[in-house]
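Peer 1: Chains as they are written, first to last, in this note's numbering: chain A, 603 to 749; chain V, 603 to 749; chain H, 603 to 749. Positions of the beta carbon are idealized from the N, C-alpha and C atoms, including for glycine. This structure is a prediction, so every number in the text was calculated from the model and none was measured.
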Amino acid sequence: METFSNKQGWKDRIKKLTVKTGARSDMIDITGMIRSVVRESNIQNGFCYVFVPHTTAAVTINENADPDVPRDMLMALDKAIPWHDQYRHQEGNAAAHVKSSLVGASVVVLIEDGNLILGTWQSVFFCEFDGPRTREVLVKVTSSEQG
Amino acid sequence: METFSNKQGWKDRIKKLTVKTGARSDMIDITGMIRSVVRESNIQNGFCYVFVPHTTAAVTINENADPDVPRDMLMALDKAIPWHDQYRHQEGNAAAHVKSSLVGASVVVLIEDGNLILGTWQSVFFCEFDGPRTREVLVKVTSSEQG
Amino acid sequence: METFSNKQGWKDRIKKLTVKTGARSDMIDITGMIRSVVRESNIQNGFCYVFVPHTTAAVTINENADPDVPRDMLMALDKAIPWHDQYRHQEGNAAAHVKSSLVGASVVVLIEDGNLILGTWQSVFFCEFDGPRTREVLVKVTSSEQG
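1) Tell me the residue span of the alpha helix (DSSP H) that contains A/S702.
2) To the nearest angstrom, how far is it from the Cα of A/V671 to the Cα of V/G706?
3) Note down, in chain order, each residue of its chain lying with its Cβ closer than 8 Å to the Cβ of V/F653, except the 5 sequence neighbours on either side.
4) Tell me, which residues are paired with H/S725 by DSSP?
5) So within the segment 623-696 of chain A, which uninterrupted alpha helix (DSSP H) runs reach at least 4 residues, ignoring any that extend past its ends?
6) Put H/E604 into one of helix, strand or coil per three-state DSSP.
7) Below 7 Å CB to CB, which residues in the same chain sit around V/L676 once its five sequence neighbours on both sides are set aside?
8) At what residues does the beta strand (DSSP E) containing H/E747 begin and finish?
9) Checking 7 Å against the spacing of the C-beta atoms, do H/D732 and H/A698 come in under that value?
10) Determine the extent of the beta strand (DSSP E) in which H/L712 is found, giving its start and end residues.
11) Compare the C-alpha of H/G634 against each of H/T744, H/F728, H/R737, H/Q688 and name the closest.
12) Check distances from the C-beta atoms of the segment 717-733 of chain A to those of chain V and list, in chain order, the residues that come in under 9 Å.
13) Based on Cα-Cα distance, which residue from A/E747, A/Y651, A/H686, A/V726 lies nearest to A/R615?
14) Output yes or no for whether 7 Å exceeds the beta carbon distance between A/Q646 and A/G721.
15) For A/M629, would you say it is in contact with chain V, using Cβ-to-Cβ distances shorter than 7 Å as the test?
16) Between the Cα of H/Q688 and the Cα atoms of V/D680, V/T620, V/E730, V/V710, which residue gives the shortest distance?
17) Kindly indicate if chain H contains any beta-carbon less than 7 Å away from that of A/M603.
18) Run through chain H and tell me which residues come within less than 8 Å of V/N664, C-beta to C-beta.
19) Between the Cα of H/V711 and the Cα atoms of H/Q692, H/N664, H/D674, which residue gives the shortest distance?
20) On a Cα-Cα basis, can you pick out the residue from H/L704, H/S702, H/D668, H/E693 that is closest to A/R690?
21) Counting only beta-carbon separations shorter than 7 Å, does H/L712 have a partner in chain A?
22) DSSP state of V/L720, grouped into three classes?
23) Measuring alpha carbon to alpha carbon, tell me which residue in H/A625, H/G624, H/T623, H/P655 is nearest H/K617.
24) Which bits of chain A does V/I636 rub up against, with CB to CB less than 9 Å?
25) Whole angstroms is fine: what's the gap from V/Q724's alpha carbon to H/S643's?
26) Considering only residues of the same chain and omitting the five flanking positions on each side of A/R637, which have a CB-CB separation below 7 Å?
27) Going along chain V in order, which residues have a C-beta closer than 8 Å to the C-beta of H/S708?
28) Can you pull the chain A residues whose beta carbon is under 7 Å from the beta carbon of V/T740, in chain order?
29) Determine whether the Cβ of V/F653 lies closer than 7 Å to any Cβ atom of chain A.
30) From this set, H/P734, H/K701, H/S746, H/D631, which residue's C-alpha is nearest V/D674's C-alpha?
31) Taking Cβ positions only, does V/D668 come closer than 7 Å to chain H?
32) As a quick exercise: from H/T623, H/A678, H/E714, H/S746, pick the residue whose alpha carbon is nearest that of H/A659.
33) Kindly indicate which residue of V/N695, V/N666, V/F649 has the alpha-carbon position closest to the one of V/E747.
34) With 16 as the cutoff for other CB atoms within 10 Å, does A/A625 come out buried or exposed?
35) Within 7 Å of any Cβ in chain V, is that where the Cβ of H/T620 sits?
36) Rounded to whole angstroms, what is the Cα-Cα separation between H/T605 and H/L619?
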């Protein structure tokens with residue numbers, strides 16, 4: 603975990619996290635890493651933006667209590683967007699690009715009293731669609747308090 | 603409709619709305635409720651974040667002029683992500699979890715001169731994928747004006 | 603490219619871009635237009651919101667190095683959400699509405715030192731699902747620096 607250098611205080615920094623994925627399709631719970639970034643920011647009320655700078659990966663919010671939920675999700679996505687099809691993209695990972703846009707490159711989570719506001723069953727997942735790889739996740743925490 | 607307690611003024615509060623859904627798959631237009639929250643905030647220029655703290659529901663923007671649009675959407679989602687499939691999740695609602703991630707847990711709408719900036723045909727919909735249930739929606743309005 | 607009139611300085615303005623699409627399904631790279639809006643705003647650290655005020659279009663982030671990526675994406679979306687199906691919406695464009703919600707009406711991109719923070723392969727695409735048409739894209743740049 604490293605920080606981009608800039609001339610601003612913490613509130614304007616972007617935190618870069620590293621995630622290692624273990625399979626072509628994989629979902630990694632990154633909620634704990636994001637909570638650490640929020641805690642370190644000392645921001646009490648505001649927003650936490652999680653952004654994936656890749657085009658064959660994504661980030662989403664879903665349930666982690668039962669590991670079958672992410673497994674079922676990856677299976678259902680594979681059925682809806684099959685890996686082998688009449689794609690023209692030569693790299694052979696066109697399906698991963700499509701899934702990336704369907705799930706999305708970012709999520710925002712509200713922060714109140716220094717805590718991420720997530721529902722009981724919600725976790726933040728990094729979604730790998732063309733792994734295994736070492737990936738980056740950018741996190742920016744911003745205050746909504748005036749002045 | 604209640605407000606989380608905190609020590610900030612209105613701008614840092616999160617508004618909690620309640621939505622009752624009427625079927626396993628349902629879409630409820632919540633634009634009016636969101637407009638009320640924006641009006642009450644008295645914020646003139648900024649952003650309105652709508653966040654669903656559930657893992658078998660979602661929020662989206664689409665057309666409400668013709669009620670067939672949300673109906674067709676729920677039908678098309680059911681075809682792309684069938685309710686019965688080779689899921690392992692024991693609760694039997696794996697499809698609802700997948701749809702939740704595909705549609706997404708949040709939307710943001712711009713605010714200008716105190717109004718939500720939505721296109722002519724755009725409404726904000728709460729999307730139920732495992733109802734009927736009583737659900738929550740969190741709304742946070744934040745100003746983009748400096749100082 | 604025009605600007606909504608309001609009484610605030612640049613930071614509170616919403617920039618309206620125009621995009622012409624060339625087919626029923628089309629993806630147009632709008633990264634350059636968005637970079638111009640960010641540059642003109644002179645905001646160094648913050649966020650750029652890109653919002654589509656249409657219900658049969660969307661905005662996404664994906665690869666543009668190989669034009670086959672957007673082509674494959676439109677093909678895969680057409681297979682998952684077929685144009686002709688048991689839809690009830692009389693206008694005949696129900697599939698476009700569904701794709702609009704799956705891909706989403708907005709993206710947010712982080713800004714640091716005056717630059718959009720995008721991964722090496724990431725571009726911002728306007729997604730047309732019921733064209734060809736002339737469409738609008740709203741862009742709002744906001745600073746995360748305090749006071």
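Peer 2: In brief:
1) Run containing A/S702: 696-705, per the alpha helix (DSSP H) assignment.
2) The straight-line gap from Cα to Cα measures roughly 16 Å.
3) V661, A707, S708, V739, L740, V741, K742.
4) In DSSP, H/S725 forms a bridge with H/N664.
5) Counting whole runs of 4 or more residues, the segment 623-696 of chain A contains the alpha helix (DSSP H) stretches 633-643, 670-682.
6) Note that H/E604 scores a pLDDT of 39, beneath 50, so its modelled location is shaky; the value from the coordinates is reported in the next line. Looking at H/E604 - three-state DSSP - the assignment turns out to be strand.
7) In its chain, beyond the 5 residues on either side, S627, M629 have a beta carbon closer than 7 Å to the beta carbon of V/L676.
8) In the DSSP assignment, H/E747 falls outside any beta strand (DSSP E) and carries neither an H nor an E.
9) In this structure, H/A698 lies closer than 7 Å to H/D732 by Cβ.
10) Its beta strand (DSSP E) spans residues 708-714.
11) Per the C-alpha coordinates, the member of H/T744, H/F728, H/R737, H/Q688 positioned closest to H/G634 is H/F728.
12) Along the segment 717-733 of chain A, going in chain order, the ones with a CB nearer than 9 Å to a CB of chain V are I719, L720, G721, T722, W723, Q724, S725, F727, C729.
13) Taking only the C-alpha atoms, the option nearest A/R615 is A/Y651.
14) The Cβ atoms of A/Q646 and A/G721 lie no closer than 7 Å to each other.
15) False, the Cβ-Cβ gap to chain V never drops below 7 Å.
16) From the listed residues V/D680, V/T620, V/E730, V/V710, the smallest Cα separation to H/Q688 is found for V/D680.
17) The predicted position of A/M603 is uncertain, since its pLDDT is 33 and thus under 50; no value can be drawn from it.
18) Going along chain H in sequence order, the residues near V/N664 (Cβ under 8 Å) are T657, H699, S702, S703.
19) Cα-wise, what sits closest to H/V711 is H/N664.
20) Selected option, being the one with the closest Cα: H/D668.
21) H/L712 counts as touching chain A.
22) Here V/L720 sits in coil by DSSP.
23) H/P655 is the residue among H/A625, H/G624, H/T623, H/P655 whose C-alpha sits nearest the C-alpha of H/K617.
24) Close to V/I636, with beta-carbon spacing below 9 Å, lies no residue of chain A; the smallest spacing is near 15 Å.
25) Near 27 Å, if we compare the C-alpha coordinates of H/S643 and V/Q724.
26) For A/R637, where only same-chain residues beyond five positions count, the Cβ hits under 7 Å are L718.
27) Chain V residues near H/S708: V709, V710.
28) Reading off the sequence, residue 740 of chain V comes out as Leu, not Thr. In chain order: L712, I719.
29) Cβ-Cβ to chain A under 7 Å: yes for V/F653.
30) Scanning H/P734, H/K701, H/S746, H/D631 for the CA closest to the CA of V/D674 turns up H/K701.
31) With 7 Å as the cut-off, V/D668 counts as an interface residue toward chain H.
32) Closest by C-alpha distance to H/A659, out of H/T623, H/A678, H/E714, H/S746, is H/T623.
33) The closest CA to that of V/E747, considering only V/N695, V/N666, V/F649, is found on V/F649.
34) When all chains shown are included, A/A625 counts as exposed.
35) Taking a beta-carbon distance threshold of 7 Å, H/T620 does not count as an interface residue toward chain V.
36) Note that H/T605 scores a pLDDT of 43, beneath 50, so its modelled location is shaky and nothing firm can be said.
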